[in-house]
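Single-structure report; data block below.
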Amino acid sequence: MPLDFYQIIGHRGLAAKAPENTLASIKMAASMGLKWVEFDVNTTQDNIAVLCHDNTVNRTTNGKGRVSRMDFATISQLDAGSWFDPLFKQEKIPTLLQALKLCQQLKLGVNLELKPDSRITDAQIHHYINTVTSIILPFKNSIPLLVSSFNKDVIRAFKQSLSDIPLGFLLDRHETERSLTTFAHEINCYSFHLSMKQCRRFKSYLLAQFNKPLLVYTINNPLQACELLESNVTAIFSDSLTPDSLSIKG
(Lines of atoms letter the chains of each structure in order from A and count residues from 1; the text may use other names and numbers.)
(Lines give C-alpha, C1' and ligand atoms only; values in the text may rest on other atoms or scores of the structure.)
Protein backbone atom coordinates (compact mmCIF):
# COMPACT_ATOMS: atom_id res chain seq x y z
CA MET A 1 0.00 0.00 0.00
CA PRO A 2 1.51 3.38 -0.96
CA LEU A 3 2.19 5.69 1.97
CA ASP A 4 1.02 9.30 1.76
CA PHE A 5 3.85 11.12 3.54
CA TYR A 6 2.61 14.67 3.07
CA GLN A 7 5.68 16.94 3.18
CA ILE A 8 6.63 17.36 6.83
CA ILE A 9 7.27 14.56 9.31
CA GLY A 10 7.49 15.67 12.92
CA HIS A 11 10.87 14.65 14.34
CA ARG A 12 10.58 12.84 17.70
CA GLY A 13 7.03 14.14 17.81
CA LEU A 14 7.69 17.84 17.32
CA ALA A 15 10.86 18.20 19.35
CA ALA A 16 11.25 21.99 19.30
CA LYS A 17 7.70 22.52 20.56
CA ALA A 18 7.40 19.85 23.28
CA PRO A 19 9.74 17.36 24.97
CA GLU A 20 10.93 14.85 22.39
CA ASN A 21 9.54 11.31 22.21
CA THR A 22 6.65 12.03 24.57
CA LEU A 23 2.90 11.89 24.14
CA ALA A 24 2.84 15.68 24.49
CA SER A 25 5.19 16.00 21.53
CA ILE A 26 3.01 13.73 19.40
CA LYS A 27 -0.10 15.69 20.38
CA MET A 28 1.70 18.94 19.57
CA ALA A 29 2.55 17.70 16.08
CA ALA A 30 -1.07 16.80 15.41
CA SER A 31 -2.38 20.07 16.83
CA MET A 32 -0.11 22.02 14.45
CA GLY A 33 -1.39 20.20 11.40
CA LEU A 34 1.21 17.51 10.85
CA LYS A 35 0.02 14.15 9.52
CA TRP A 36 3.16 12.11 10.26
CA VAL A 37 5.53 11.78 13.21
CA GLU A 38 8.80 9.97 13.78
CA PHE A 39 9.87 8.56 17.13
CA ASP A 40 12.55 6.26 18.55
CA VAL A 41 12.00 2.92 20.28
CA ASN A 42 14.23 1.24 22.84
CA THR A 43 13.39 -1.53 25.31
CA THR A 44 13.76 -1.73 29.08
CA GLN A 45 15.48 -4.47 31.03
CA ASP A 46 12.11 -6.20 31.45
CA ASN A 47 11.33 -5.97 27.70
CA ILE A 48 8.90 -3.07 27.65
CA ALA A 49 9.18 -1.01 24.47
CA VAL A 50 9.48 2.70 25.28
CA LEU A 51 10.17 5.91 23.40
CA CYS A 52 13.72 7.16 23.95
CA HIS A 53 16.37 8.33 21.51
CA ASP A 54 19.51 7.92 23.61
CA ASN A 55 21.05 4.86 25.22
CA THR A 56 20.44 6.57 28.57
CA VAL A 57 17.65 8.60 30.15
CA ASN A 58 20.15 11.22 31.35
CA ARG A 59 19.51 13.94 28.77
CA THR A 60 15.72 13.85 28.61
CA THR A 61 14.63 12.99 32.16
CA ASN A 62 15.55 13.69 35.78
CA GLY A 63 17.05 10.20 36.06
CA LYS A 64 20.28 8.48 35.14
CA GLY A 65 21.03 5.10 33.59
CA ARG A 66 20.85 3.03 30.44
CA VAL A 67 17.32 2.28 29.29
CA SER A 68 18.23 -1.36 28.65
CA ARG A 69 19.41 -1.77 32.25
CA MET A 70 16.39 -0.18 33.94
CA ASP A 71 13.04 -1.79 34.56
CA PHE A 72 9.87 -0.12 33.42
CA ALA A 73 8.64 0.50 36.96
CA THR A 74 11.67 2.74 37.49
CA ILE A 75 11.51 4.45 34.10
CA SER A 76 7.80 5.14 34.40
CA GLN A 77 8.41 7.30 37.48
CA LEU A 78 10.84 9.65 35.75
CA ASP A 79 10.02 13.24 34.80
CA ALA A 80 10.50 13.44 31.02
CA GLY A 81 9.28 17.00 30.58
CA SER A 82 10.78 19.49 33.03
CA TRP A 83 14.16 19.54 31.26
CA PHE A 84 12.32 21.07 28.30
CA ASP A 85 9.94 23.36 30.17
CA PRO A 86 8.33 23.22 33.66
CA LEU A 87 4.95 23.24 31.92
CA PHE A 88 5.65 19.62 30.93
CA LYS A 89 6.68 18.39 34.40
CA GLN A 90 3.97 15.72 34.42
CA GLU A 91 5.22 14.16 31.18
CA LYS A 92 6.50 10.58 31.36
CA ILE A 93 8.46 8.31 29.02
CA PRO A 94 5.65 6.63 27.08
CA THR A 95 5.45 3.02 26.03
CA LEU A 96 5.33 2.18 22.35
CA LEU A 97 1.81 0.87 22.90
CA GLN A 98 0.67 4.21 24.35
CA ALA A 99 2.26 6.10 21.47
CA LEU A 100 0.68 3.94 18.78
CA LYS A 101 -2.75 4.15 20.42
CA LEU A 102 -2.43 7.93 20.46
CA CYS A 103 -1.33 8.06 16.82
CA GLN A 104 -4.27 5.85 15.90
CA GLN A 105 -6.62 8.21 17.72
CA LEU A 106 -5.06 11.28 16.08
CA LYS A 107 -4.90 9.61 12.66
CA LEU A 108 -1.15 10.10 12.35
CA GLY A 109 1.26 8.13 10.21
CA VAL A 110 4.32 6.85 12.06
CA ASN A 111 7.96 6.44 11.11
CA LEU A 112 9.10 4.14 13.88
CA GLU A 113 12.88 4.24 14.26
CA LEU A 114 14.24 1.10 15.88
CA LYS A 115 16.79 2.44 18.34
CA PRO A 116 17.97 -0.37 20.64
CA ASP A 117 20.96 0.03 22.92
CA SER A 118 24.10 0.56 20.84
CA ARG A 119 25.69 -2.37 22.68
CA ILE A 120 22.95 -4.79 21.68
CA THR A 121 24.14 -8.32 20.91
CA ASP A 122 22.86 -10.64 18.19
CA ALA A 123 20.99 -12.66 20.81
CA GLN A 124 19.38 -9.53 22.24
CA ILE A 125 18.27 -8.35 18.80
CA HIS A 126 15.91 -11.35 18.64
CA HIS A 127 14.22 -10.36 21.92
CA TYR A 128 14.09 -6.69 20.94
CA ILE A 129 12.41 -7.45 17.61
CA ASN A 130 9.93 -9.86 19.20
CA THR A 131 8.95 -7.22 21.73
CA VAL A 132 8.49 -4.47 19.15
CA THR A 133 6.71 -6.52 16.48
CA SER A 134 4.22 -7.94 18.98
CA ILE A 135 3.12 -4.38 19.72
CA ILE A 136 3.12 -3.15 16.12
CA LEU A 137 1.16 -6.09 14.72
CA PRO A 138 -2.35 -5.04 15.87
CA PHE A 139 -1.84 -1.56 14.36
CA LYS A 140 -0.41 -2.44 10.97
CA ASN A 141 -3.73 -2.13 9.15
CA SER A 142 -4.99 0.95 10.99
CA ILE A 143 -1.94 3.24 11.06
CA PRO A 144 0.35 4.11 8.14
CA LEU A 145 3.64 2.62 9.38
CA LEU A 146 7.21 2.93 8.17
CA VAL A 147 10.08 1.30 10.08
CA SER A 148 13.72 2.36 9.91
CA SER A 149 16.99 1.91 11.79
CA PHE A 150 20.67 2.71 11.46
CA ASN A 151 21.38 -0.83 12.68
CA LYS A 152 21.27 -3.03 9.59
CA ASP A 153 21.12 -6.26 11.59
CA VAL A 154 18.06 -4.94 13.40
CA ILE A 155 16.36 -4.06 10.10
CA ARG A 156 17.16 -7.50 8.70
CA ALA A 157 15.66 -9.15 11.78
CA PHE A 158 12.57 -6.96 11.59
CA LYS A 159 12.05 -7.82 7.93
CA GLN A 160 12.22 -11.53 8.76
CA SER A 161 9.64 -11.07 11.50
CA LEU A 162 7.20 -8.67 9.78
CA SER A 163 7.93 -8.67 6.07
CA ASP A 164 4.87 -6.66 5.01
CA ILE A 165 5.71 -3.46 6.90
CA PRO A 166 7.45 -0.87 4.66
CA LEU A 167 11.10 -0.24 5.54
CA GLY A 168 12.96 3.04 5.34
CA PHE A 169 16.68 2.83 4.63
CA LEU A 170 18.54 5.17 6.99
CA LEU A 171 21.89 5.70 5.32
CA ASP A 172 24.90 5.69 7.62
CA ARG A 173 27.83 8.04 7.19
CA HIS A 174 30.06 5.41 5.56
CA GLU A 175 27.60 4.58 2.78
CA THR A 176 28.74 4.37 -0.84
CA GLU A 177 26.67 4.05 -4.00
CA ARG A 178 27.57 0.37 -4.14
CA SER A 179 26.80 -0.40 -0.49
CA LEU A 180 23.51 1.47 -0.44
CA THR A 181 22.38 -0.19 -3.66
CA THR A 182 23.16 -3.63 -2.26
CA PHE A 183 21.31 -3.05 1.00
CA ALA A 184 18.37 -1.29 -0.64
CA HIS A 185 17.77 -4.37 -2.77
CA GLU A 186 18.36 -6.74 0.16
CA ILE A 187 15.62 -5.22 2.30
CA ASN A 188 13.50 -3.98 -0.62
CA CYS A 189 13.34 -0.60 1.06
CA TYR A 190 10.33 1.62 0.57
CA SER A 191 12.17 4.91 1.05
CA PHE A 192 15.61 6.43 1.57
CA HIS A 193 16.27 8.58 4.64
CA LEU A 194 19.15 11.01 4.21
CA SER A 195 20.97 13.73 6.07
CA MET A 196 21.40 17.02 4.22
CA LYS A 197 24.99 16.08 3.42
CA GLN A 198 23.91 12.69 2.06
CA CYS A 199 21.16 14.33 0.04
CA ARG A 200 23.73 16.48 -1.73
CA ARG A 201 25.92 13.46 -2.37
CA PHE A 202 23.40 10.79 -3.35
CA LYS A 203 20.18 12.46 -4.50
CA SER A 204 20.94 12.41 -8.22
CA TYR A 205 22.08 8.79 -8.05
CA LEU A 206 19.04 7.66 -6.07
CA LEU A 207 16.63 9.46 -8.37
CA ALA A 208 18.27 7.88 -11.40
CA GLN A 209 18.48 4.34 -10.00
CA PHE A 210 15.36 4.03 -7.82
CA ASN A 211 11.80 5.22 -8.00
CA LYS A 212 11.46 5.61 -4.25
CA PRO A 213 10.64 8.44 -1.84
CA LEU A 214 13.53 10.53 -0.52
CA LEU A 215 13.14 11.79 3.06
CA VAL A 216 15.68 14.28 4.44
CA TYR A 217 16.48 15.08 8.10
CA THR A 218 16.52 17.24 10.21
CA ILE A 219 15.41 20.44 8.46
CA ASN A 220 14.29 23.41 10.57
CA ASN A 221 14.94 26.26 8.14
CA PRO A 222 11.82 27.10 6.10
CA LEU A 223 13.76 28.28 3.05
CA GLN A 224 15.91 25.15 2.99
CA ALA A 225 12.80 23.01 3.42
CA CYS A 226 11.07 24.64 0.47
CA GLU A 227 14.15 24.27 -1.72
CA LEU A 228 14.33 20.55 -0.93
CA LEU A 229 10.63 19.95 -1.49
CA GLU A 230 10.85 21.71 -4.84
CA SER A 231 13.77 19.52 -5.94
CA ASN A 232 12.34 15.98 -5.87
CA VAL A 233 12.62 15.41 -2.11
CA THR A 234 9.41 13.73 -0.96
CA ALA A 235 9.34 14.91 2.65
CA ILE A 236 11.47 16.38 5.39
CA PHE A 237 11.83 15.55 9.07
CA SER A 238 11.60 18.66 11.24
CA ASP A 239 11.69 19.60 14.92
CA SER A 240 9.79 22.82 14.36
CA LEU A 241 8.33 23.33 10.90
CA THR A 242 4.59 23.03 10.36
CA PRO A 243 2.29 23.29 7.34
CA ASP A 244 1.57 26.93 8.24
CA SER A 245 5.26 27.81 8.32
CA LEU A 246 5.66 26.53 4.76
CA SER A 247 2.13 27.34 3.58
CA ILE A 248 1.58 23.74 2.50
CA LYS A 249 -0.98 21.09 3.29
CA GLY A 250 0.97 18.84 5.68
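Residue numbers (the working numbering): 32 to 281.
Here a beta-carbon is modelled for each residue, glycine too, at the ideal position from N, C-alpha and C.
Length of the line joining the Cα atoms of residue i and residue j
{"i": "Ala55", "j": "Ala49", "result": "6 Å"}
{"i": "His205", "j": "Ile267", "result": "22 Å"}
{"i": "Gly44", "j": "Ala154", "result": "30 Å"}
{"i": "His216", "j": "Gly199", "result": "12 Å"}
{"i": "Glu261", "j": "Leu254", "result": "11 Å"}
First and last residue of the uninterrupted beta strand (DSSP E) at residue i
{"i": "Phe200", "result": "198 to 201"}
{"i": "Leu177", "result": "176 to 180"}
{"i": "Leu145", "result": "140 to 145"}
Pair within 7 Å by beta-carbon distance, residue i and residue j
{"i": "Ala80", "j": "Val68", "result": "no"}
{"i": "Ile39", "j": "Leu133", "result": "no"}
{"i": "Leu259", "j": "Phe223", "result": "no"}
{"i": "Ser179", "j": "Glu144", "result": "yes"}
{"i": "Lys146", "j": "Val98", "result": "no"}
{"i": "Gln229", "j": "Leu202", "result": "yes"}
{"i": "Leu251", "j": "Ser271", "result": "Strictly speaking, residue 251 in this sequence is Asn, with Leu absent from that position. Contact: yes."}
Reduced DSSP secondary structure (H/G/I, E/B, other) of residue i
{"i": "Ser194", "result": "coil"}
{"i": "His42", "result": "strand"}
{"i": "Leu34", "result": "coil"}
{"i": "Glu206", "result": "coil"}
{"i": "Asn52", "result": "coil"}
{"i": "Lys171", "result": "coil"}
{"i": "Ala60", "result": "helix"}
{"i": "Asn219", "result": "coil"}
{"i": "Ser276", "result": "helix"}
{"i": "Ala130", "result": "helix"}
Boundaries (first-last residue) of the alpha helix (DSSP H) holding residue i
{"i": "Ile151", "result": "Here Ile151 belongs to no alpha helix (DSSP H), and DSSP marks it neither H nor E."}
**Prompt:** In chain order, which continuous runs of the alpha helix (DSSP H) of length 4 or greater are located wholly inside the stretch 221 to 274?
**Reply:** Within the stretch 221 to 274, the complete alpha helix (DSSP H) runs of at least 4 residues are 227 to 240, 253 to 260.
**Item:** Ordered list of alpha helix (DSSP H) runs contained in the stretch 62 to 126, each at least 4 residues
**Value:** 103 to 106, all fully within the stretch 62 to 126.
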